[in-house]
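Down below is the structure, laid out as structure tokens.
Number of protein chains: 2
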Amino acid sequence: MFQLSKKADYGLIALKHLAQHSDGSVSAREIASEYKIPAPLLAKVLQRLARKGLLVSQQGINGGYVLAREASKISIVDVMEAIDGPIGMTPCERGSSCEQIERCSVRDPLMKLKVKVVRILGDTSIYELAMN
Amino acid sequence: MFQLSKKADYGLIALKHLAQHSDGSVSAREIASEYKIPAPLLAKVLQRLARKGLLVSQQGINGGYVLAREASKISIVDVMEAIDGPIGMTPCERGSSCEQIERCSVRDPLMKLKVKVVRILGDTSIYELAMN
Chain A
10 MFQLSKKADY GLIALKHLAQ HSDGSVSARE IASEYKIPAP LLAKVLQRLA
60 RKGLLVSQQG INGGYVLARE ASKISIVDVM EAIDGPIGMT PCERGSSCEQ
110 IERCSVRDPL MKLKVKVVRI LGDTSIYELA MN
Chain B
10 MFQLSKKADY GLIALKHLAQ HSDGSVSARE IASEYKIPAP LLAKVLQRLA
60 RKGLLVSQQG INGGYVLARE ASKISIVDVM EAIDGPIGMT PCERGSSCEQ
110 IERCSVRDPL MKLKVKVVRI LGDTSIYELA MN
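Line order of the protein sequences matches chains A and B. All residue numbers for the first sequence refer to our numbering, where the first residue is 10 and numbers rise by one. All residue numbers for the second sequence refer to our numbering, where the first residue is 10 and numbers rise by one.
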């Protein structure tokens, strides 16, 4: 187990699409149809990304979503955290109760590792995703 | 979501303990008691690590487990994969069905990222865990 949620995957697909179509807004329905993503689920994901400040929702006949800032300034970590909350490698970091919170011998080294992993994901932007 | 399973955490704690007590074998019960890990669960984790070739089970009155090879030659990835199977960042990599397997736009870049993440985890050994 060490994976992105399906919602985070959908979010990345949508942001990549918006980065590649930055000349106008794109509706959730268009993206859902293009990638065969269940439309109600994608709508929720995009609303969440808008609420978290990564997307802007434009109203009107040609309404839809645009990126809230340059694709190069939105990292994969931004998207993962917007959708699933802070990245934590260990159950305790994610707020799960753990009977050995007082004496755990691996938490600190694992947190240091997590910092390295987050750096890699944070160094990768939607722009790079869109170029690949 | 981006976390080790609790079983993998227990496995790391146990291997670190064995690396720090490499002058003899240690029983599952001793480790469970020291770290307040539910004993039946830890027993299963250690049996699995033995089956996967990371631990050796020694029989007898002073029986217990020892590392199957030097702690510096067992990486965090070895333990994670022994317990939870191959690391996959995306649901499809973990064998989940996905309706867009044919047209997914983020799978390849995410696989490349995963290789980098696995390299970091693979570069960290139980020996380093035991020194921290």
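Even glycine gets a Cβ: it sits at the ideal position worked out from N, Cα and C. This one's a predicted model, so the numbers in the text were calculated from it and none came from an experiment.
Short CB-CB distance (under 9 Å) between residue i and chain A
| i | result |
| --- | --- |
| residue 71 of chain B | no |
| residue 39 of chain B | no |
| residue 74 of chain B | no |
| residue 14 of chain B | yes |
| residue 100 of chain B | yes |
| residue 56 of chain B | no |
Unbroken beta strand (DSSP E) run spanning residue i, endpoints
| i | result |
| --- | --- |
| residue 66 of chain A | 64–67 |
| residue 115 of chain B | No beta strand (DSSP E) contains residue 115 of chain B, which DSSP labels as neither H nor E. |
| residue 73 of chain B | 73–76 |
Residue i - DSSP class collapsed to helix/strand/coil
| i | result |
| --- | --- |
| residue 50 of chain A | helix |
| residue 134 of chain A | strand |
| residue 97 of chain B | coil |
| residue 34 of chain B | coil |
| residue 105 of chain B | coil |
Chain B within 9 Å of residue i, Cβ atoms only
| i | result |
| --- | --- |
| residue 68 of chain A | no |
| residue 85 of chain A | yes |
| residue 82 of chain A | no |
| residue 32 of chain A | no |
| residue 103 of chain A | yes |
| residue 10 of chain A | Here residue 10 of chain A scores only 49 on pLDDT, less than 50, and its place in the model should not be relied on; the value that follows carries that caveat. Judged by the 9 Å Cβ criterion, residue 10 of chain A is in contact with chain B. |
| residue 60 of chain A | no |
| residue 25 of chain A | yes |
| residue 18 of chain A | yes |
| residue 35 of chain A | no |
| residue 52 of chain A | no |
The alpha helix (DSSP H) enclosing residue i, as first and last residue numbers
| i | result |
| --- | --- |
| residue 13 of chain A | That residue, residue 13 of chain A, is in no alpha helix (DSSP H); it is neither H nor E in DSSP. |
Beta-carbon neighbours of residue i, restricted to chain A and to distances below 7 Å
| i | result |
| --- | --- |
| residue 126 of chain B | 126, 129 |
Interface residues of chain A facing residue i [CB-CB closer than 8 Å]
| i | result |
| --- | --- |
| residue 118 of chain B | 133, 137, 138, 141 |
Within chain B, the residues that residue i reaches when beta carbons sit closer than 8 Å
| i | result |
| --- | --- |
| residue 65 of chain A | Simply none; closest approach about 21 Å. |
| residue 122 of chain A | 85, 129, 130, 133 |
Neighbouring residues, chain B, relative to residue i (Cβ below 7 Å)
| i | result |
| --- | --- |
| residue 79 of chain A | Chain B residues near residue 79 of chain A: none, gap ~18 Å exceeds 7 Å. |
| residue 21 of chain A | 115 |
Contacts of residue i in chain B (Cβ-Cβ under 9 Å)
| i | result |
| --- | --- |
| residue 112 of chain A | 43, 44, 45 |
Neighbour flag for residue i against chain D, beta carbons, 9 Å
| i | result |
| --- | --- |
| residue 130 of chain B | Of the protein chains in this structure, namely A and B, none is chain D. |
So, does the segment 118–126 of chain A touch the segment 86–106 of chain B, judging by three or more C-beta pairs under 8 Å? When Cβ pairs closer than 8 Å are counted between the two stretches, the segment 118–126 of chain A is seen not to touch the segment 86–106 of chain B, the count staying below three.
Determine, using beta-carbon pairs with one atom in the segment 24–32 of chain A and one in the segment 62–82 of chain A, whether at least three such pairs fall under 8 Å. They touch, by the three-pair rule.
Does the pairing of the segment 33–49 of chain B with the segment 123–140 of chain A give three or more beta-carbon distances under 8 Å? Between the segment 33–49 of chain B and the segment 123–140 of chain A there are fewer than three C-beta pairs closer than 8 Å, too few to call the two in contact.
Using 8 Å as the Cβ pair cut-off and three pairs as the minimum, do the segment 95–112 of chain A and the segment 64–71 of chain A touch? For the pair of segments examined, the segment 95–112 of chain A was found not to touch the segment 64–71 of chain A: the number of CB pairs separated by less than 8 Å stays below three.
Does the contact criterion of 3 or more C-beta pairs under 8 Å hold for the segment 97–106 of chain B versus the segment 13–23 of chain A? A contact exists between the segment 97–106 of chain B and the segment 13–23 of chain A.
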